[in-house]
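Asker: Residue numbers (mature numbering (1 follows the signal peptide of the UniProt record, and there is no 0)): -24 to -1, 1 to 414.
First the structure, then my questions, so here it is.
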Amino acid sequence: MRSPYMTRLGLAAVLLAAAVAACSGGNEDDTHIIDPPDAGDAGDASTPDAGLDAGDSGPGEDGGTDAGDDGGTDAGPEDGGSDAGTDAGSDAGTDAGPPPGTVTIPNELSGYGLFTGTPAGGDFKPVEGNLPYELTTPLFSDYSLKSRTLYIPAGKAALYSADAVLDLPVGTIITKTFAFPADFREPTKNVRPLETRVLVRQPQPVGWVAYPYVWNDALTEATLASGGKVFKDFSFIDEQGVTKKLDYLVPQRNQCQKCHHVVDEQDNQHLLPIGVKARYLNREHTYGVQPVNQLQHLASLGKLEGLPPAAQVPRAPDAFNAGEADLTQRARTYLDINCAHCHNPKAQPGITSRLFLDIKTTDEFSLGYCKRPGSAGGGVGGEFDIVPGSHDTSILWFRMHTEVSGKMMPEIGRALRHEAGAQLIADWIDAMPPRSCK
Ligand code: HEC
Ligand code: HEC
């Protein structure tokens, strides 16, 4: 059985669609135009419309007909932002615009044509071809419920990798929506999305780009917010019935790469997705009636090539399900998905701190055993990152447990402590054969 925590996250994908239901309508048809970001792009197969038109869940008949120019036109992009060029798609060929296949980044989330309905209307859901997915163990982000979708353009497919992020084709769009129910004891009621984050794979040399969209109070639209946003004094009631209050932070666009980055052999930094790896995707999700394995589902749709037989596909356990793996594997999985995007040999914080928390690291010192921190001075709970057998003198645990900014880890992405996560790591450290570090 999965713990309540995971059950909740498991529900996340359907929440946005189901939760706010029963509210009154108010979703005019044109708040969710199935409009290709770059319809103007001379029929390139990599444009989202190719796939979306094939879908039939769009409102009205064949939404994707009028020129893909509305992404950039309305409401004036306040941030002068989107380097992909706001309307380049409409005049492909006339000048040295962005390369073919470039997705025009719309100012409104609806401009992607990846969803229909609105949270206000209770009918916000991905269009066909924009596939919801879940991870076996997700990143903790202040208890928010997350729903993720993956859109791979028609005629294209991802390439399987056993270890790395799936190699997703140009034109891929991944979204992640963060939401809170008013009361976690009734997690499907009064769910309020705060933000939707979007990763888009543009043609070279641009590659992956990242954009935050913030939902309006009416829950009818999310708008590009390159400068991020703080939801001050945001509150919700937790599973124990206790009110939690926090300043919920939507990262600025340029903060996305703090986590979504790798340094390559030439020392160049690249933005990359993090969670779309076989071992995290290797779980079931219900697309129709029956739950099916997500990777197999992708493969059966022709969206994933090279998937080996099921027994050969790695799987990260649910870190909070003791029935799935032993304590060490679960703790290491938790650190891998919550910390390793910064703490690995190819990311700047890892390179600087020499603390590697990715699943592949086996060397105990790099994992923090009896390791003195290279960075932060005093006041971080101890002298060593991990003191085997003693979580409360281990800096690694302290920094997960504290809510003091400047000390807490991850350094961005949370304001609240993840009680279950900190407990898991405490249990893991306490179960290690005791050692006195010097
Ligand atoms: C604190 C680190 C952190 C920051 C900052 C961050 N992300 Fe992520 N993001 C993650 C991790 C870890 C995952 C994978 C785990 C998950 O989805 O729960 C992820 C997943 C995603 C996904 C789903 C695809 C994937 O990579 O697996 C999208 C889309 C995304 N992030 C967009 C953004 C955008 C846009 C921003 C900036 C506004 C941003 N993220 C900032 C850590 C971060
Ligand atoms: C957004 C990037 C980022 C993420 C995610 C992140 N860290 Fe860090 N971490 C840093 C940076 C930068 C430093 C060095 C500066 C400092 O110590 O504050 C650091 C330092 C540390 C240190 C001190 C290490 C040393 O030996 O110097 C520990 C322990 C630590 N992090 C634990 C964690 C844990 C545990 C997680 C996941 C729960 C995590 N970090 C996630 C960026 C990150």
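Don't be surprised by glycine CBs; every beta carbon is placed ideally from N, CA and C.
1) Quick one: what does DSSP say threonine 369 is sitting in, helix, strand or coil?
2) Just how far apart, CA to CA, sit isoleucine 362 and arginine 291?
3) Is it the case that the stretch 129 to 136 contacts the stretch 90 to 103, given that we only count it when at least three CB pairs across the two stretches are under 8 Å?
4) In angstroms with no decimal places, state the Cα-to-Cα distance between phenylalanine 116 and proline 181.
5) What separation, rounded to the nearest whole angstrom, lies between the Cα atoms of glycine 344 and serine 329?
6) For ligand 1, I want to know if leucine 111 counts as a neighbour, meaning its beta carbon is within less than 7 Å of at least one of the ligand's heavy atoms.
7) Would you say the beta carbon of lysine 152 is closer than 7 Å to some non-hydrogen atom of ligand 1?
8) Using a threshold of 8 Å, state whether the C-beta atoms of histidine 377 and histidine 317 are closer than that.
9) Consult DSSP for glutamate 54 and reduce its assignment to one of helix, strand or coil.
10) If contacts are defined as beta-carbon pairs under 8 Å, then threonine 151 and arginine 124 qualify, I think. What distance do you get, rounded to the angstrom?
11) In three-state terms, what does DSSP make of threonine 41?
12) Since isoleucine 313 and tyrosine 256 should fall inside the 8 Å C-beta cutoff, what is the C-beta to C-beta distance between them, to a whole number of angstroms?
13) Measuring CB to CB, does phenylalanine 374 end up less than 8 Å from valine 356?
14) Taking the alpha-carbon of phenylalanine 207 as reference, which of Ala298, Val190, Gln242, Arg259 has the nearest alpha-carbon?
15) So for aspartate 209, helix, strand or coil by DSSP?
16) Since aspartate 209 and aspartate 193 are thought to touch, with beta carbons under 8 Å apart, how far apart are those beta carbons, to the nearest angstrom?
17) Using 10 angstroms around the beta-carbon of serine 412, count the other beta-carbons present and answer buried if the total reaches 16, otherwise exposed.
18) Indicate the three-state DSSP secondary structure (helix, strand or coil) for proline 13 in the structure shown.
19) Tell me which same chain residues have a C-beta within less than 8 Å of the C-beta of glycine 183, skipping the five on either side of it?
20) Whose CA, out of Pro75, Tyr109, Lys220, lies closest to the CA of threonine 262?
21) Who are the near neighbours of serine 342 in its chain, counting only those whose CB is closer than 6 Å to its CB and skipping five residues on each side?
22) Within 10 angstroms of the Cβ of aspartate 216, are there 16 or more other Cβ atoms? Answer buried if so, exposed if not.
23) With H, G and I counted as helix, E and B as strand and the rest as coil, what does DSSP make of threonine 309?
Answerer: Considering the structure as presented:
1) helix
2) 26 Å
3) no
4) 32 Å
5) 10 Å
6) yes
7) yes
8) no
9) Low local confidence applies: a pLDDT of 37 at glutamate 54 is under 50, so the model's placement there is unreliable, with the coordinate-based value given in what follows. Note: glutamate 54 maps to coil in three-state DSSP.
10) 7 Å
11) Residue confidence for threonine 41 is low, a pLDDT of 33 falling below 50, so the modelled location carries little weight and cannot support an answer.
12) 7 Å
13) yes
14) Val190
15) strand
16) Going by Cβ atoms, the distance from aspartate 209 to aspartate 193 rounds to 15 Å, so no, they are not a contact pair.
17) exposed
18) Confidence is the limiting factor: at proline 13 the pLDDT is only 40, short of 50, which leaves the residue's position unreliable and the question unanswerable from this model.
19) Arg177, His246, Leu247
20) Tyr109
21) Phe332
22) As written in the sequence, residue 216 is glutamine, which differs from the aspartate given in the question. By the 10 Å Cβ count, glutamine 216 comes out exposed.
23) helix
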